[in-house]
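Participant: My questions will all concern the structure given below.
Number of protein chains: 2
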Amino acid sequence: VRPRFYVPDLDPAAASVPLPEDEAEHLGRVLRLGIGAEIEIFDGRGGLWRAEVVAAGKRSAAVRAIAPVPPAPEIGLPLALVISVLKADKMDDVVRDAVMLGVTGICPVVSDRSEISLSTVERSQRVARWQRIAVSSAKQCGRAVVPIVAPACTIASYLATPGSEVRLICVEPSADVDSVGLPSSNSVGPPFTGGRVLPVQAIAKPASAHVIVGPEGGWTPVELTAARAAGAIPMSLGGRTLRADAAPLVALTALLTTWSEL
Amino acid sequence: VRPRFYVPDLDPAAASVPLPEDEAEHLGRVLRLGIGAEIEIFDGRGGLWRAEVVAAGKRSAAVRAIAPVPPAPEIGLPLALVISVLKADKMDDVVRDAVMLGVTGICPVVSDRSEISLSTVERSQRVARWQRIAVSSAKQCGRAVVPIVAPACTIASYLATPGSEVRLICVEPSADVDSVGLPSSNSVGPPFTGGRVLPVQAIAKPASAHVIVGPEGGWTPVELTAARAAGAIPMSLGGRTLRADAAPLVALTALLTTWSEL
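Protein sequence lines, in the order shown, are assigned to chains A and B. In terms of the numbering used here, the first sequence opens at residue 1 and continues consecutively. In terms of the numbering used here, the second sequence opens at residue 263 and continues consecutively.
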């Protein structure tokens, strides 16, 4: 098995392409690879090549593409996960797993009941961290595409920005919440009272989609109203309440299965 | 929202039913509920009732069922997760999420590449811990059924014990592993070379099923051969390699979606 390196500005025709510093460090200091070592390089946009090391220092390295290699298959539509920011380690897992399932983008949003504020997300440079996790997850799962992690924003400003994609918002069907008296703190959203909630199996495959998953405490009524006004389709993940950190994986898997894209 | 308590030996006709000690402690010491408080009680076998507290001490309490309440819907077939034991916190999450997705049983198994031995699992009373997690997860997700966590055994002895259920074993299709050169340490199984691997969407809904998920390092060839000899159907979760701790959730969600049971 050849180790894989991410080279965003890769020219496969060049005789020597420098690696980004962190990738070069991994190659030289961690894996201790030298000139002539066989590796794989990918550009994050779908290109994967067998390659060799042509220069290796402690903090710098250069490589040369030899021949293209088929990467893990991509899903057949642009699919972004719009996720209300979770606690640190849970969010890391969600980013990692979403990339492994094949999403093409991740949009972190802050909602009323998020446990973290937008300014904290920005100050602590979380987006850069999630982007690094997306790179490492792509390496692990064999994808040559690195999904873009968008800058964080509020769910309100996300919903106010029109897009051509179909937006699917995960909600807890009110019937289930009422009948079993579930604590709202364990639901992926509050009872949805206006409009029909579609089961995930009833969602037809669109040309492009965003899947919107709420925080531990669920969406507020104001957020749900804004989502409906923005044309988002309320979607149910079944009658048993899921933990907020399991909901993204379940929502993505259920949609990809329904669309024969797993 | 009424707090819920698990009362395995519940008689709904009795004027006073004692709570198990840990449930009584939760009622009295944690929630500080007194006589007359309205709660919900469930028997773990599908029965859920509105109830009231009729006696409350620090370590003991008794309740009386008032009227049945509809619980979260159960899936339409017996479905067990047979899971190669993962590291402690990952395994806790897997048990919790599997219960929330609706499994009716969990069978922990130890395989050649498990990171923990059968004697350690037994000595550390993990099964009792997982059973407690199953109870708490049932409470959270609104189920009135508590899935049974079976005693741990080796994958070999599990496979050697015949059952009437359809056994589905998650494997990594060899084509994908070969083409992208994935490290086997990140796959849910080794390349499967003998026999056809079915995509999850092609698995017809059986009367009863076991879903078998391997360890971080994958199954050994000997284990795969034994699985085939035992009639297990190799099943693929798609072309992108999943982390071992995400694989159970993805496998269960994909099957339940395919079978319209989510």
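We put the CB at the ideal spot given by N, CA and C, even for glycine.
Taking only beta-carbon atoms, is Thr520 of chain B less than 8 Å away from chain A?
Facilitator: Using a CB distance cut-off of 8 Å, Thr520 of chain B counts as an interface residue toward chain A.
Participant: Quick check on DSSP: helix, strand or coil for Leu86 of chain A?
Facilitator: coil
Participant: Tell me which residue opens and which closes the alpha helix (DSSP H) that Arg312 of chain B is part of.
Facilitator: First-last for Arg312 of chain B: 310–318, but that is the beta strand (DSSP E), not the alpha helix (DSSP H).
Participant: Pop quiz: Glu74 of chain A and Gly102 of chain A are said to be a contact at Cβ under 8 Å. What is the actual Cβ separation, rounded to whole angstroms?
Facilitator: At roughly 7 Å, the Cβ-Cβ gap stays under 8 Å, so Glu74 of chain A and Gly102 of chain A are in contact.
Participant: Can you have a look at Ala113 of chain A and say buried or exposed, based on whether 16 or more other CB atoms are within 10 angstroms of its CB?
Facilitator: Note on residue identity: the sequence assigns Arg, not Ala, to residue 113 of chain A. Buried, by the Cβ-count rule.
Participant: Which residues, taken in chain order from the stretch 227–247 of chain A, show a beta carbon closer than 8 Å to some beta carbon of chain B?
Facilitator: Leu237, Gly238, Gly239, Arg240, Thr241, Leu242, Arg243, Ala246
Participant: From Ala244 of chain A to Pro413 of chain B, what distance separates their C-alpha atoms?
Facilitator: 29 Å
Participant: Report the neighbours of Arg405 of chain B on chain A: residues whose CB is nearer than 8 Å to its CB, in chain order.
Facilitator: Arg240
Participant: If we define contact as Cβ-Cβ less than 8 Å, is Asp359 of chain B a contact residue for chain A?
Facilitator: Yes - at least one Cβ of chain A is within 8 Å of the one on Asp359 of chain B.
Participant: Give the single residue among B:Leu341, B:Ala508, B:Leu293 whose Cα lies nearest to the Cα of Val407 of chain B.
Facilitator: B:Leu341
Participant: Residues of the stretch 454–473 of chain B with a CB closer than 9 Å to any CB of chain C: list them in chain order, please.
Facilitator: Within the model displayed, chain C is absent; protein chains A and B are what it includes.
Participant: Can you name the residues of chain B whose CB is closer than 9 Å to the CB of Ala254 of chain A?
Facilitator: Thr515, Ala516, Leu518, Thr519, Leu524
Participant: Could you please give me the residues that DSSP links to Gly105 of chain A through a beta bridge?
Facilitator: A:Ala80, A:Ile148
Participant: Starting from Leu267 of chain A, find everything on chain B with Cβ-Cβ shorter than 9 Å and list it in chain order.
Facilitator: It is not possible to answer for residue 267 of chain A, since the shown part of chain A is limited to 1 through 262.
Participant: What residues match up with Met100 of chain A in a beta bridge as DSSP calls it?
Facilitator: Partner(s): none; Met100 of chain A has no beta bridge.
Participant: Who are the Cβ neighbours of Leu295 of chain B in its own chain at under 6 Å, not counting the five residues just before and after it?
Facilitator: The beta carbon of Leu295 of chain B is closer than 6 Å to those of Leu289, Val315 in its chain, skipping five residues each way along the sequence.
Participant: Which same chain residues, not among the five before or five after Val473 of chain B, have their C-beta less than 6 Å away from its C-beta?
Facilitator: Leu343, Leu430, Ala513
Participant: Is Pro409 of chain B close to chain A? Criterion is C-beta to C-beta, closer than 8 Å.
Facilitator: no
Participant: Within 8 Å of any Cβ in chain A, is that where the Cβ of Leu272 of chain B sits?
Facilitator: Cβ-Cβ to chain A under 8 Å: no for Leu272 of chain B.
Participant: Give me the Cβ distance between Cys153 of chain A and Gly214 of chain A, rounded to the nearest whole Å; I'm assuming they're in contact under 8 Å.
Facilitator: With 8 Å as the limit, Cys153 of chain A and Gly214 of chain A do not qualify as a contact, their Cβ atoms being about 15 Å apart.
Participant: Under 8 Å, do Val135 of chain A and Pro108 of chain A count as touching if we go by C-beta distance?
Facilitator: The beta carbons of Val135 of chain A and Pro108 of chain A sit no closer together than 8 Å.
Participant: Across which residues does DSSP place His210 of chain A in a beta bridge pair?
Facilitator: DSSP, once it has assigned bridges, lists A:Ala80, A:Arg167 as partnering His210 of chain A.
Participant: Does Ala67 of chain A come out as helix, strand or coil in the three-state DSSP assignment?
Facilitator: strand
Participant: Taking only beta carbons into account, state which residues of the stretch 60–87 of chain A come closer than 8 Å to chain B, listed in chain order.
Facilitator: Val69, Pro70, Pro71, Ala72, Pro73
Participant: Should Ser498 of chain B go down as buried or exposed, given a rule of 16 or more other Cβ atoms within 10 Å for buried?
Facilitator: buried
Participant: On the criterion of 16 or more Cβ atoms from any shown chain inside 10 Å, does Ser278 of chain B qualify as buried, or is it exposed?
Facilitator: exposed
Participant: Under 6 Å Cβ to Cβ from Arg266 of chain B, same chain only, skipping five residues before and after it: list those, please.
Facilitator: The beta carbon of Arg266 of chain B lies closer than 6 Å to those of Glu302, Lys401 in the same chain, with the five residues before and after it left out.
Participant: Give me the chain B residues within the contact set of Gln125 of chain A, using Cβ-Cβ distance strictly less than 8 Å, ordered along the chain.
Facilitator: Simply none; closest approach about 25 Å.
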